[in-house]
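**Q** Quick one: the structure is below, questions incoming.
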Amino acid sequence: MTLLSEAELQRVADAITEVERHTDAELVTVLATRADDYAYIPLLWASLVALMLPGAANFFGGWLSAAQLLLVQWLTFALLALLGRIPSLTSRLIPRAVRHWRAANLARRQFLEHNLHHTEAGTGMLIFVSEAERYVEIIVDRGISSRIDDGAWQALVDVFTAEVRRGRTLEGFLGCIRGCGELLQQHVPATHERNELPNRLIVLP
């Protein structure tokens, strides 16, 4: 995961503060290492391969005895289960749709946990990133979605996702916050001063 220094975290907080001076929106930013530990995925793959071994052994001549085949199955399962615990390997075993589904679920939980659905006038906004999944999402409450079409955020999400892939998560956050600020200032301008939620970047382990 990208390790951000205190100075870099402060840059994110300052960017949020600057945006909130010009809009009624309440921005919260969340950076997650990963959306799930996917502990079950290596076990699934290890089980499937081990179960396929008897068929493969019979196809290639059935030269193993039943006891030997059982031992090979167990050893195969144990070895693959251990290898699957290596994060870089685990991520390759998980279908993209599953990774994005888990990340999207975490994003929605964060939106609720930080009470973004209870802000004044419904102007809560979450910028969420899960690095392991290379997943970025912007979620807004009704006070913003009623004024800005959800599709307007997609270009910002695409640019941010590319930055995360390049290992430039900080730059992605700063650029995304600025881009969101431009849209928010135009469609949800500030009507009075307020700061209901913390401006700091929330980092999940």
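full-length UniProt numbering applies: residue 1 is where the sequence shown begins, and numbers increase by one.
Just so you know, even glycine gets a beta-carbon here, dropped at the ideal spot from N, CA and C.
Would S5 be called buried (16 or more neighbouring beta carbons within 10 Å of its own) or exposed?
**A** On the sequence shown, position 5 is the one that residue 5 refers to. Label assigned to S5: exposed.
**Q** Please classify R102 as buried or exposed, where buried requires at least 16 other C-beta atoms within 10 Å of its C-beta.
**A** Here residue 102 is taken as the residue at index 102 of the sequence shown, counted from 1. For R102, the number of other beta carbons within 10 angstroms of its own is at least 16, and it is reported as buried.
**Q** Could you give the distance in angstroms between the alpha-carbon of L83 and the alpha-carbon of L112?
**A** The sequence position of residue 83 within the sequence shown is 83, counting from 1. The sequence position of residue 112 within the sequence shown is 112, counting from 1. Each residue's Cα considered, the two are about 36 Å apart.
**Q** So, are the CB atoms of M125 and L27 less than 8 Å apart?
**A** Position 125 of the sequence shown holds residue 125. Position 27 of the sequence shown holds residue 27. Yes, the Cβ-Cβ distance between M125 and L27 is below 8 Å.
**Q** Taking Cβ to Cβ, would you say G151 is nearer than 8 Å to G122?
**A** Here residue 151 corresponds to residue number 151 of the sequence shown, with the count starting at 1. Here residue 122 corresponds to residue number 122 of the sequence shown, with the count starting at 1. For G151 and G122, no; Cβs fall outside 8 Å.
**Q** Taking 8 Å as the cut-off, decide whether the C-beta atoms of R194 and E133 are in contact.
**A** Here the question's residue 194 lines up with position 194 in the sequence shown. Here the question's residue 133 lines up with position 133 in the sequence shown. Cβ distance not < 8 Å, so R194 and E133 don't count as in contact.
**Q** Under 8 Å, with one C-beta from each stretch per pair, do the region 147-163 and the region 8-25 reach the 3-pair mark?
**A** no
**Q** Buried or exposed for G179, please, with buried defined as at least 16 other CB atoms from any protein chain shown within 10 angstroms of its CB.
**A** Start at 1 with the first residue of the sequence shown, and residue 179 comes out as number 179. When all chains shown are included, G179 counts as buried.
**Q** Given that a residue counts as buried once 16 or more other Cβ atoms are within 10 Å of its Cβ, and exposed if not, what is S130?
**A** Within the sequence shown, the letter at position 130 stands for residue 130. The residue is buried, with at least 16 neighbouring Cβ atoms inside 10 Å.
**Q** To which residues of the same chain is A25 closer than 7 Å at the C-beta, ignoring the five residues directly before and after it?
**A** As a position in the sequence shown, residue 25 is number 25, starting the count at 1. Result list for A25: T123, M125, I144, L184, V188, in chain order.
**Q** Buried or exposed: where does D141 fall if 16 or more other Cβ atoms within 10 Å of its Cβ makes it buried?
**A** Within the sequence shown, numbered from 1, the residue matching residue 141 stands at position 141. In summary, D141 is buried, with 16 or more beta-carbon neighbours lying within 10 Å of its beta-carbon over all protein chains present.
**Q** Would you call G172 buried or exposed, if buried means 16 or more other Cβ atoms sit within 10 Å of its Cβ?
**A** Reading the sequence shown from its first residue, position 172 is the one you call residue 172. When all chains shown are included, G172 counts as buried.
**Q** For the putative contact between L53 and Q73, defined by C-beta atoms under 8 Å, what is the C-beta separation to the nearest angstrom?
**A** Walking along the sequence shown from the start, residue 53 turns up at place 53. Walking along the sequence shown from the start, residue 73 turns up at place 73. 5 Å between Cβ atoms; contact.
**Q** Given that a residue counts as buried once 16 or more other Cβ atoms are within 10 Å of its Cβ, and exposed if not, what is G167?
**A** Within the sequence shown, the letter at position 167 stands for residue 167. Exposed.
**Q** When DSSP labels each residue in this structure, what does T119 get in the three-state scheme?
**A** The residue labelled residue 119 in the question sits at position 119 within the sequence shown. The answer is coil: DSSP assigns T119 none of H, G, I, E or B.
**Q** Who are the Cβ neighbours of L174 in its own chain at under 8 Å, not counting the five residues just before and after it?
**A** Residue 174 sits at position 174 when you count from the first residue of the sequence shown. Answer for L174: R11, V12, A15, listed in chain order.
**Q** Once the 5 residues before and after residue 215 are set aside, which same chain residues still bring their CB inside 6 Å of it?
**A** Examination of residue 215 is not possible in this model, given that the chain is present from 1 through 205 alone.
**Q** Please name the residue, chosen from V19, I86, E18, T29, that lies closest to F160 on a Cα-to-Cα basis.
**A** As a working note, residue 160 is residue 160 in the sequence shown. For F160, the closest C-alpha among the options V19, I86, E18, T29 is that of T29.
**Q** Please report the distance separating the alpha-carbon of E8 from that of A32.
**A** Within the sequence shown, numbered from 1, the residue matching residue 8 stands at position 8. Within the sequence shown, numbered from 1, the residue matching residue 32 stands at position 32. When the Cα atoms are used, E8 and A32 turn out to be separated by approximately 16 Å.
**Q** Going by other Cβ atoms of all chains shown within 10 Å of its Cβ, with 16 needed for buried, is D37 buried or exposed?
**A** The residue you call residue 37 lines up with position 37 of the sequence shown. Exposed.
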